[in-house]
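Asks: Residue numbers (my numbering), protein chains in the order written: chain A, 1 to 470; chain B, 471 to 539. What follows is a structure written as structure tokens; I'll ask about it next.
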């Protein structure tokens, strides 16, 4: 197997080769760094690469493995992190010049967990300014380009992570997801993007966007890899009071689910439309394959998607503005015009409107779970369109003109307000060679079932990670 | 409507000036338009909260809300 092919393996595959000492973590890390540096001039996926420390970590991992102290499937595997996670003694930008010179004094909870599992931290990936947007067109660090077509966006806000995983510049990455920021770029770049149930993974040491909507997300090449990473990072953290579960997630749970006759609800056209023709065709053709294998597909009736999206929008506006108000007063010129406008709008939302949104959210979660009672999953396309061009602001979707933001966000954002686990999996390629994503959602804390379903989906449909032509 | 728009613009200007934020007329007008949209969509919550079977509790996720995982 060539070096290039090696860099596109799943964690499941590469970790076995590392465990048996067929692959050296030091050589592997050096290859990943070399490729990341070379492709970064084209894709702009990384903001910083930890060349020296990554090699040191790899040397340590290799010595441990050779001495028979293999820690598990992440040991010696090169991973990246969105540049919004604290990594001790390194610069963190959150995609903004406001944090210029900021050096984290400690590791984020999840970074500590990854280190404990023996992972190699390759570097920090590019993102939308303060993670507040879905294109990854960053006025300060440049736009991240799509590995399938560099004239197209990678999506965001974890776009650098998605491009890096797709292009063989790391084996997986951690991102964040406040309205779709992990699932959207994963769909546009042809990989898997997963956001767990709210409360399953600590956000301590992750720069916030909106406290009650933020999730840590996982970007990887297979559902198995997501499970391994989730096992490493999930669990109770006293430093994040929203972490609810003391019982850690175990990847082996995934094998215990019977996924032969899953009941899947598909929202009505009122929520799904408008969709690009290719997106619609590939989505329904994947569902047909699942149905042929015994999955039970039915229409999912829930009449409040618009209300849920309204909740998320208002909560996001208000919480983000509260977070940024002091910086906005001191250095308004250090924000892009677009973000400054959104933050000022958030400062104007009356408190009673914010509180009503949070109260309504509780009712909407209850209503959604009632509607989902007899179902295992809800499925829909991840985005309405494939990756837009870098210069597009509006996009025509089956006769309807949508902003790029709305075309990318509208099918993912409800599940942040609803706090549900959601995953985007590859769903084939459009006629012009761009990836399409399919989103599946399960009930709270049914993350294991969701990953089991994603694995079965991959086997049944044959839709899986493919290597972009770079 | 024109009068309401002017009133809203005045309120926005007062609020942001109190925070030390100064805006151009163009920015004020866009904010006024967008704030109107926010207030309009927030009326959706009245529809949700008006037929509650029980008083809604402020959002706080608890495992018990969902039973066994």
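Built from N, CA and C at the ideal position, the CB exists for glycine as well.
Should the segment 501 to 508 of chain B be called in touch with the segment 202 to 214 of chain A, which here means at least 3 C-beta pairs below 8 Å?
Replies: The answer is no - the segment 202 to 214 of chain A does not touch the segment 501 to 508 of chain B, with fewer than three Cβ pairs under 8 Å.
Asks: Is residue 20(A) close to chain B? Criterion is C-beta to C-beta, closer than 9 Å.
Replies: For residue 20(A), the answer is no, since every Cβ of chain B falls outside 9 Å of its Cβ.
Asks: Could you spell out where the beta strand (DSSP E) holding residue 220(A) opens and where it closes?
Replies: Start and end: 215 to 220.
Asks: When the Cα atoms are used, what is the spatial distance from residue 79(A) to residue 147(A)?
Replies: For residue 79(A) and residue 147(A), the distance between alpha carbons rounds to 18 Å.
Asks: Pull up the CB-CB distance for residue 266(A) and residue 218(A), whole angstroms please, since I reckon it's below 8 Å.
Replies: About 25 Å separates the two Cβ atoms, so there is no contact after all.
Asks: Report yes or no: do three or more beta-carbon pairs, one from the segment 219 to 230 of chain A and one from the segment 330 to 342 of chain A, lie closer than 8 Å?
Replies: Segments in contact, no.
Asks: Can you give me the Cβ contacts of residue 124(A) inside the same chain, cut-off strictly under 6 Å, excluding the 5 residues immediately before and after it?
Replies: Same-chain partners within the cutoff: 47, 48, 81, 83.
Asks: What does residue 125(A) pair with, by DSSP beta-bridge criteria?
Replies: According to DSSP, which records beta bridges pairwise, residue 125(A) is partnered with 46(A), 82(A).
Asks: From the DSSP output, in three-state form, read off residue 483(B) for me.
Replies: The answer is helix: DSSP assigns residue 483(B) an H, G or I state.
Asks: Can you tell me which of 248(A), 240(A), 132(A) puts its alpha carbon nearest to the alpha carbon of residue 209(A)?
Replies: When only C-alpha atoms are compared, the closest one is 132(A).
Asks: Pick out whichever of 431(A), 90(A), 92(A) has its Cα sitting closest to the Cα of residue 278(A).
Replies: Among 431(A), 90(A), 92(A), the Cα nearest to that of residue 278(A) belongs to 431(A).
Asks: Residues of chain B with CB closer than 8 Å to the CB of residue 310(A), please, in chain order.
Replies: Neighbours of residue 310(A) on chain B, chain order: 511, 512, 514, 515.
Asks: Run down chain A in chain order and give the residues with a C-beta less than 8 Å from the C-beta of residue 500(B).
Replies: Ordered by position in chain A, the residues that pass the 8 Å Cβ test against residue 500(B) are 341.
Asks: Which residues of chain A have a Cβ atom closer than 7 Å to the Cβ of residue 477(B), listed in chain order?
Replies: Those within 7 Å of residue 477(B) in chain A number zero; the least Cβ separation is about 13 Å.
Asks: How many angstroms separate the CA atom of residue 460(A) from the CA atom of residue 18(A)?
Replies: Each residue's alpha carbon lies about 29 Å from the other.
Asks: Within the same chain, show all residues whose beta-carbon is closer than 7 Å to that of residue 470(A), passing over the 5 residues directly before and after it, in chain order.
Replies: Correct list, in chain order: 39, 147, 167.
Asks: Could you give the DSSP three-state label for residue 537(A): helix, strand or coil?
Replies: This structure cannot settle anything about residue 537(A), because the visible part of chain A is limited to 1 through 470.
Asks: Using 9 Å as the threshold, is the C-beta distance between residue 127(A) and residue 157(A) below it?
Replies: Yes, the Cβ-Cβ distance between residue 127(A) and residue 157(A) is below 9 Å.
Asks: Rounded to the nearest angstrom, how far is the Cβ of residue 457(A) from that of residue 221(A), given a contact under 8 Å?
Replies: Not confirmed; about 14 Å, so no contact.
Asks: Leaving out five residues on either side along the sequence, give the residues of the same chain with a beta carbon under 6 Å from the beta carbon of residue 9(A).
Replies: Once the five neighbours on either side are set aside, residue 9(A) has no close Cβ partner at all.
Asks: For residue 424(A), collect the residues of the same chain with a Cβ closer than 6 Å to its Cβ; drop the 5 residues on either side in sequence, then sort them by chain order.
Replies: Within the same chain, residue 424(A) has close Cβ partners 183, 186, 187, 193, 382, 437, 439.
Asks: Quick one: is residue 15(A) buried, meaning 16 or more other Cβ sit within 10 Å of its Cβ, or exposed?
Replies: When all chains shown are included, residue 15(A) counts as buried.
Asks: Based on DSSP bridge pairs, tell me the residues matched to residue 21(A).
Replies: Looking at the DSSP assignment, residue 21(A) forms no beta bridge with any residue, so it has no partner.
Asks: In chain B, which residues lie with their C-beta within 8 Å of the C-beta of residue 332(A)?
Replies: In chain order: 491.
Asks: What residues are listed by DSSP as bridge partners for residue 177(A)?
Replies: According to DSSP, which records beta bridges pairwise, residue 177(A) is partnered with 215(A).
Asks: Count the other CB atoms, across all protein chains shown, that sit within 10 Å of the CB of residue 373(A); report buried if there are 16 or more and exposed otherwise.
Replies: Exposed, because fewer than 16 other Cβ atoms sit within 10 Å of the Cβ of residue 373(A).
Asks: At what residues does the alpha helix (DSSP H) containing residue 285(A) begin and finish?
Replies: It spans 277 to 292 - the alpha helix (DSSP H) in which residue 285(A) sits, taken as one unbroken run.
Asks: Where in the segment 391 to 429 of chain A do unbroken runs of the alpha helix (DSSP H), each at least 4 residues long, occur, reported from the N-terminal end onward?
Replies: Listed in chain order, they are 404 to 409, 414 to 417.
Asks: Near residue 428(A), what residues of its chain come up, given a Cβ to Cβ distance below 6 Å and the 5 sequence neighbours on each side ignored?
Replies: 282, 436, 463.
Asks: Counting beta carbon pairs with one atom in the segment 300 to 309 of chain A and one in the segment 317 to 324 of chain A, are three or more of them shorter than 8 Å?
Replies: The segment 317 to 324 of chain A is not in contact with the segment 300 to 309 of chain A.
Asks: Expressed to the nearest angstrom, what Euclidean distance is found between the alpha-carbon atoms of residue 538(B) and residue 359(A)?
Replies: Per-residue confidence for residue 538(B) stands at a pLDDT of 46, beneath the threshold of 50, marking its modelled position as unreliable; the derived number appears in the next sentence. The straight-line gap from Cα to Cα measures roughly 24 Å.
Asks: Can you name, in chain order, every residue of its own chain whose Cβ lies under 7 Å from the Cβ of residue 165(A), other than the five neighbours on each side?
Replies: Contacts found: 172, 173, 191, 219, 220, 221.
Asks: Between the segment 24 to 34 of chain A and the segment 49 to 65 of chain A, do at least 3 Cβ pairs fall closer than 8 Å?
Replies: Flag = yes, the segment 24 to 34 of chain A and the segment 49 to 65 of chain A touch.
Asks: Given a threshold of 16 other Cβ atoms within 10 Å of its Cβ, counted over all protein chains shown, does residue 471(B) qualify as buried or as exposed?
Replies: Bear in mind that the predicted position of residue 471(B) carries a pLDDT of just 43, short of 50, making it unreliable; the figure below should be weighed with that in mind. Flag for residue 471(B) reads exposed.
Asks: For a contact defined as C-beta to C-beta under 7 Å, what are the partners of residue 504(B) on chain A?
Replies: Chain A residues near residue 504(B): 345.
Asks: Look at the alpha carbon of residue 55(A) and the alpha carbon of residue 480(B), and state the distance between them as a whole number of angstroms.
Replies: Approximately 58 Å, taken between the alpha carbons.
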